[in-house]
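One structure is given below, encoded as C-alpha coordinates.
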Amino acid sequence: MEEKKQEEIKKQAREILDKFSKTLAKVEFKEKKIEREKEAGGFREEGEGKEVDPDFRKRFFENAPKTEGDFIIAEKKKW
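Here the sequence shown stands for residues 2 to 80, numbered as in our numbering.
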(Lines of atoms letter the chains of each structure in order from A and count residues from 1; the text may use other names and numbers.)
(Lines give C-alpha, C1' and ligand atoms only; values in the text may rest on other atoms or scores of the structure.)
Protein backbone atom coordinates (compact mmCIF):
# COMPACT_ATOMS: atom_id res chain seq x y z
CA MET A 1 0.00 0.00 0.00
CA GLU A 2 2.86 2.37 0.77
CA GLU A 3 4.26 1.90 -2.76
CA LYS A 4 0.92 2.78 -4.33
CA LYS A 5 0.77 5.97 -2.29
CA GLN A 6 4.29 6.96 -3.35
CA GLU A 7 3.48 6.30 -7.00
CA GLU A 8 0.33 8.42 -6.72
CA ILE A 9 2.32 11.27 -5.16
CA LYS A 10 4.94 11.03 -7.95
CA LYS A 11 2.16 11.09 -10.56
CA GLN A 12 0.58 14.17 -8.99
CA ALA A 13 3.93 15.92 -8.74
CA ARG A 14 4.65 15.19 -12.42
CA GLU A 15 1.24 16.59 -13.41
CA ILE A 16 1.85 19.76 -11.41
CA LEU A 17 5.28 20.23 -12.97
CA ASP A 18 3.94 19.64 -16.48
CA LYS A 19 1.12 22.13 -15.95
CA PHE A 20 3.55 24.69 -14.53
CA SER A 21 6.01 24.31 -17.42
CA LYS A 22 3.23 24.74 -19.99
CA THR A 23 2.01 27.87 -18.23
CA LEU A 24 5.54 29.23 -17.92
CA ALA A 25 6.12 28.72 -21.64
CA LYS A 26 3.28 31.18 -22.32
CA VAL A 27 4.81 33.95 -20.22
CA GLU A 28 6.45 36.79 -22.15
CA PHE A 29 9.40 38.43 -20.46
CA LYS A 30 10.33 42.04 -21.10
CA GLU A 31 14.00 42.78 -21.45
CA LYS A 32 15.21 45.50 -19.11
CA LYS A 33 17.59 48.06 -20.49
CA ILE A 34 19.39 50.72 -18.53
CA GLU A 35 20.27 53.80 -20.49
CA ARG A 36 23.07 55.90 -19.18
CA GLU A 37 24.18 59.36 -20.05
CA LYS A 38 26.38 59.06 -23.09
CA GLU A 39 28.34 62.23 -22.36
CA ALA A 40 29.55 60.88 -19.02
CA GLY A 41 30.57 57.55 -20.54
CA GLY A 42 29.11 55.74 -17.54
CA PHE A 43 31.47 57.42 -15.10
CA ARG A 44 30.72 60.09 -12.58
CA GLU A 45 32.43 63.40 -12.86
CA GLU A 46 35.20 64.10 -10.38
CA GLY A 47 34.70 67.00 -8.04
CA GLU A 48 36.87 68.90 -5.64
CA GLY A 49 36.22 66.45 -2.84
CA LYS A 50 35.74 67.15 0.81
CA GLU A 51 38.23 68.49 3.27
CA VAL A 52 40.14 65.64 4.88
CA ASP A 53 40.03 65.13 8.63
CA PRO A 54 43.71 65.11 9.64
CA ASP A 55 42.97 62.87 12.63
CA PHE A 56 41.08 60.23 10.58
CA ARG A 57 44.07 58.03 9.67
CA LYS A 58 45.24 57.89 13.28
CA ARG A 59 41.77 56.93 14.57
CA PHE A 60 41.31 54.43 11.75
CA PHE A 61 44.48 52.54 12.64
CA GLU A 62 43.75 52.74 16.38
CA ASN A 63 40.37 51.05 15.80
CA ALA A 64 41.79 48.23 13.67
CA PRO A 65 42.41 45.04 15.69
CA LYS A 66 45.67 44.21 13.86
CA THR A 67 48.00 46.46 11.91
CA GLU A 68 51.41 46.12 10.37
CA GLY A 69 53.04 49.40 9.43
CA ASP A 70 50.67 51.21 7.09
CA PHE A 71 48.48 48.12 6.55
CA ILE A 72 45.48 46.65 8.34
CA ILE A 73 45.63 42.90 8.82
CA ALA A 74 42.16 41.39 8.33
CA GLU A 75 40.81 37.88 7.98
CA LYS A 76 38.58 36.85 5.09
CA LYS A 77 35.15 35.35 5.73
CA LYS A 78 35.23 35.56 9.50
CA TRP A 79 31.60 36.19 10.40
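Every residue gets a Cβ at the ideal spot worked out from N, C-alpha and C, and that includes glycine.
Quick check: the Cα distance between LYS20 and LYS31, rounded to an integer number of angstroms?
23 Å
Per DSSP, the bridge partner or partners of PHE72:
GLU69
Spatial distance of GLU48 from ALA26 (CA atoms)
The question names Glu, yet the displayed sequence has Gly at residue 48. Their backbone Cα atoms lie some 50 Å apart in a straight line.
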